[in-house]
Amino acid sequence: MRVLLTGGAGFLGSHLCDAILADGHLVVCADNLLTGRSENLVHLSHEPRFEFLQQDVCHTFDPGKIDYVFHFASPASPVDYHEHGIETLQVGSTGTINCLELAKKCNAKFLLASTSECYGDPLEHPQKESYWGHVNPIGPRSVYDEAKRFAEAATMAYRRYHHVDTRIVRIFNTYGPRLQINDGRVISNFMKQALLGEPLTVYGDGLQTRSFCFVSDEIEGILALSRATEHLPVNIGNPHEFTILECARLVLQSTGSRSTVRFEPLPQDDPRQRRPDITKARALLGWEPKIDLLTGLQLSLEYFRAAVQSRDIEAQT
Ligand SMILES: NC(=O)c1ccc[n+]([C@@H]2O[C@H](COP(=O)([O-])OP(=O)(O)OC[C@H]3O[C@@H](n4cnc5c(N)ncnc54)[C@H](O)[C@@H]3O)[C@@H](O)[C@H]2O)c1
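For the sequence shown, the working numbering puts the final residue at 317, and the numbers step up evenly by one.
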């Protein structure tokens, strides 16, 4: 297959490039480098089956004949979507419609990278795909949450009205090598602070929970869904739930750091609990995450150590 992957220079997208190429396909990566980095793809510069287009997917473009579209382009971390609020709304709306149009034109399959943020600050726990969510449409996170909810609606509409063969993956918190070190997400914050010997910043009382999926598990689940025929959303994430304080302890253990913990006020609309119900992915795809948090942190340590040491940190801030 010739696969168009939008957002391929980002954290998840670059791992997906590797996995799709490893499956024997060709990859055309379209990315405007808004939040992604060309370093994530440097190892593919001599790969003849890989093509990079520096392209904003909010503008129409012609990647040639394609068989599958994986639409991953979007700022994803809170730091990024707060900084690029309008761009986030645009890529979720216009960008998604453009990619769906390409899929329609080429009679290609389409997979949307959606998010657990569609559930907002959930009133149902753990979150099943059937839950419609509890989202503040006008709060600071709404640029991301509502853009993704629009993208899901657009994907379903292209299926209903234009018979595009679509899939929607609701991705939960994922971490691992190539995660941006300054993206403000829990794991990158804690790893950076622990490796620099700074106090780990915990927002609120630290008893709010999160689940964390190691990147190789997440990519395996996404690819399994891409091969399946299910068109309704499927959660892919790790259901093991940790409080933020437990996560801090594991980061200290994996890095051997003696950092302390510093408490700061909880940001607005920060969800108290977030955990996927993956019953559907288990039954439908036979998929299940394998890497526990401590192992995943150990597998990421070398990357974070290099990233912290690198002067790139200053450039990224
Ligand atoms: N990482 C996670 O834990 C997570 C969780 C839920 C959903 N997701 C989704 O997965 C996808 C990838 O997330 P990520 O963590 O790799 O983020 P990332 O910021 O590392 O990657 C996103 C990529 O999209 C590119 N991009 C943004 N706007 C674009 C545009 N208009 N045109 C072309 N390229 C554009 C960026 O330059 C970047 O390379 C996103 O759609 C995100 O919403 C990620």
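The beta carbon of each residue, even a glycine, is placed where N, CA and C say it ideally should be.
On the DSSP bridge list, what partners appear for residue i?
i: Y81; result: In the DSSP output, where bridge partners are listed per residue, Y81 has none listed.
i: P276; result: Q127
i: Q31; result: What sits at residue 31 in the sequence shown is Asp, not Gln. BP columns for D31 point to Q54.
i: N235; result: R170
i: Y68; result: V3 and K109
i: G120; result: H134
i: F214; result: Y175
i: L26; result: R2
Tell me where the beta strand (DSSP E) around residue i begins and ends.
i: A113; result: K109 to T115
i: R210; result: T209 to S211
i: R170; result: T166 to I171
i: T349; result: In the structure as shown, the chain begins at 1 and stops at 317. Residue 349 is therefore absent and cannot be evaluated.
i: V42; result: Careful: V42 lies outside any beta strand (DSSP E) and carries neither H nor E.
i: R264; result: What sits at residue 264 in the sequence shown is Glu, not Arg. First-last of the beta strand (DSSP E) with E264: V261 to E264.
Have a look at residue i and residue j and give me their C-alpha separation to the nearest angstrom.
i: R49; j: S216; result: 22 Å
i: G133; j: H46; result: 44 Å
i: T155; j: V251; result: 38 Å
i: K105; j: R159; result: 13 Å
i: L102; j: V27; result: 15 Å
i: D183; j: D23; result: 30 Å
i: A19; j: G221; result: 12 Å
i: G13; j: I138; result: 29 Å
i: S259; j: H240; result: 25 Å
i: P122; j: K109; result: 31 Å
i: G256; j: T166; result: 45 Å
i: F172; j: R275; result: 8 Å
i: T295; j: Q253; result: 11 Å
i: Q309; j: L232; result: 43 Å
i: V135; j: V143; result: 11 Å
i: N107; j: G206; result: 48 Å
i: L195; j: R305; result: 7 Å
i: V42; j: I291; result: 26 Å
i: I219; j: P289; result: 10 Å
i: P271; j: G120; result: 7 Å
i: E152; j: V202; result: 32 Å
i: L266; j: E51; result: 42 Å
i: R185; j: C118; result: 17 Å
i: F11; j: A307; result: 14 Å
i: T243; j: L200; result: 14 Å
i: E87; j: Y68; result: 24 Å
i: H162; j: P140; result: 34 Å
Any chance the CB of residue i is under 7 Å from a heavy atom of ligand 3?
i: P177; result: Absence of ligand 3 is noted for the structure shown, with ligand 1 being the only ligands found.
Between which two residues does the alpha helix (DSSP H) carrying residue i extend?
i: T201; result: Where T201 is concerned, there is no enclosing alpha helix (DSSP H), although the beta strand (DSSP E) it sits in stretches over L200 to Y203.
i: Y144; result: S142 to H162
i: I181; result: Here I181 belongs to no alpha helix (DSSP H), and DSSP marks it neither H nor E.
i: E230; result: No alpha helix (DSSP H) holds E230; DSSP gives it neither H nor E.
i: R258; result: Premise fails: R258 is in no alpha helix (DSSP H) and is neither H nor E.
i: T295; result: L293 to Q309
i: S188; result: V186 to L196
Is the CB of residue i under 8 Å away from at least one CB in chain B?
i: F150; result: Here there is only one protein chain, and chain B is not present.
Does the contact criterion of 3 or more C-beta pairs under 8 Å hold for the stretch 232 to 245 versus the stretch 272 to 288?
yes
Three CB pairs or more closer than 8 Å across the stretch 59 to 74 and the stretch 5 to 25
yes
With a cut-off of 8 Å, do at least 3 Cβ pairs link the stretch 239 to 250 to the stretch 204 to 218?
yes
With a threshold of 8 Å, are at least 3 pairs of Cβ atoms found where one atom belongs to the stretch 91 to 99 and the other to the stretch 141 to 149?
yes
Mind the definition here: the stretch 105 to 115 touches the stretch 148 to 166 only if three or more C-beta pairs lie below 8 Å; say whether that holds.
yes
Is the stretch 79 to 90 touching the stretch 34 to 42, taking contact as three or more C-beta pairs under 8 Å?
yes
Is the number of C-beta pairs between the stretch 61 to 68 and the stretch 121 to 139 that are closer than 8 Å three or more?
no
For the structure I just gave you, are there three or more beta carbon pairs, one from the stretch 286 to 304 and one from the stretch 187 to 201, closer than 8 Å?
yes
If we count Cβ pairs, one from each stretch, closer than 8 Å, do we get three or more for the stretch 214 to 229 versus the stretch 171 to 191?
yes
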